[in-house]
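So for the sequence shown, this note's numbering puts the first residue at 481; every next one is plus one.
Heads up, the beta-carbon is just placed ideally off N, CA and C, and yes, glycines get one too.
Notes for the one structure printed next.
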Amino acid sequence: AAVAVVSAQLFWIKATRALPVATVVNAQLVNPVITLLFAYVLLDEIPSGLEWLTMGIVVVGTLLPFFMSRGASDSTRPMVLAGGMVGTH
């Protein structure tokens with residue numbers, strides 16, 4: 481188990497350095513969904529109705545900006561300031 485955890489953390493650190501911030505944040509948002517699905521598949525723990533609803537909201541909330549940005553033209557996209565991120569100077 482220690483090898484798996486350490487390997488996963490090393491791969492996560494490498495991915496955070498190589499991928500854009502938006503991709504890393506979206507991957508992090510989906511972690512609870514993946515955890516519940518693995519619990520269902522591997523441990524036969526059936527999620528409650530509230531957990532299914534929560535998974536759906538998280539998945540839709542994660543995918544919605546992706547699909548909205550694909551169809552939007554440059555003039556309708558929101559303006560993002562480069563220095564607007566917290567902690568960057």
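Judged by DSSP in its simplified three-state form, Pro-527 adopts coil rather than helix or strand.
DSSP places Val-510 outside both helix and strand once states are collapsed to three, so it counts as coil. Contact check between the stretch 491-508 and the stretch 519-535: fewer than three CB pairs, one atom from each, fall below 8 Å, which does not count as touching.
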